[in-house]
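Asker: In the working numbering, the protein residues as written are 6 to 196. Below is one structure. I have some questions about it.
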């Protein structure tokens with residue numbers, strides 16, 4: 006009886022060893038996120054938008070600062086002629102104005118940072134969703150990110166799909182931009 010049980014156990018183990026284990030290929034790749042953000046057209050457009058806004062709003066504030074500097078230099082020339090009481094009063098006004106300009110600069114920088122930060126967060130979220138669907142469509146098990154986040158310390162270049170993803174994202178963005186432009190034209194025509 007023991008021999009029969011031993012024979013059955015050996016037979017089962019031999020049969021189990023002979024079965025080829027079905028191993029699914031794990032397809033992996035990585036995207037260099039710093040390159041992606043430099044080459045992605047929507048990210049470039051967003052950066053240009055906020056550079057332009059910063060420049061425009063900065064010019065307005067710069068004009069105010071230049072007027073203040075002119076008033077301050079005039080103050081020094083007029084202070085001796087108008088007396089100490091006038092100088093103290095006007096000096097206090099100039100100090101208050103200087104403080105207000107400093108606050109305006111800070112508020113402008115903060116406003117632009119918040120607005121661009123919100124849009125950049127939305128852009129990054131959209132890129133993550135795109136990469137997820139891209140990975141599913143192309144049959145990847147994993148897609149890692151490298152670059153500023155450095156979630157991958159090493160990967161062979163053959164697994165780098167950054168260019169493919171950038172091209173696909175840019176194509177999608179161009180298509181979306183054209184669709185939005187057509188919708189704006191139709192809306193304008195109806196008015």
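Every residue gets a Cβ at the ideal spot worked out from N, C-alpha and C, and that includes glycine.
Where do the N-terminal and C-terminal ends of the alpha helix (DSSP H) with residue 50 fall, by residue?
Answerer: 46-87
Asker: Taking contact to mean at least 3 C-beta pairs separated by less than 8 angstroms, is the segment 175-189 in contact with the segment 67-77?
Answerer: no
Asker: Counting Cβ pairs, one atom from each stretch, are 3 or more of them under 8 angstroms apart for the segment 166-186 and the segment 41-54?
Answerer: Yes: the two stretches touch, three or more of their Cβ pairs being nearer than 8 angstroms.
Asker: If residue 171 sits next to residue 139, beta carbons under 8 angstroms apart, how far is it from one beta carbon to the other, in whole angstroms?
Answerer: Separation of the CB atoms of residue 171 and residue 139 is rounded to 11 angstroms, and the pair is thereby denied contact status at 8 angstroms.
Asker: Taking residue 31 as part of the beta strand (DSSP E), name the residues at either end of that continuous run.
Answerer: No beta strand (DSSP E) holds residue 31; DSSP gives it neither H nor E.
Asker: Just tell me which of 135, 87, 106 and 88 has its CA closest to the CA of residue 67.
Answerer: 106
Asker: Do you know offhand how far residue 38's Cα is from residue 129's?
Answerer: 10 angstroms
Asker: Rounded to whole angstroms, how far is the Cβ of residue 84 from the Cβ of residue 92, which I believe are closer than 8 angstroms?
Answerer: 4 angstroms
Asker: Determine the extent of the beta strand (DSSP E) in which residue 149 is found, giving its start and end residues.
Answerer: Residues 147-151.
Asker: Going by other Cβ atoms of all chains shown within 10 Å of its Cβ, with 16 needed for buried, is residue 150 buried or exposed?
Answerer: Looking at its Cβ environment, which holds 16 or more other Cβ atoms inside 10 Å, residue 150 is buried.
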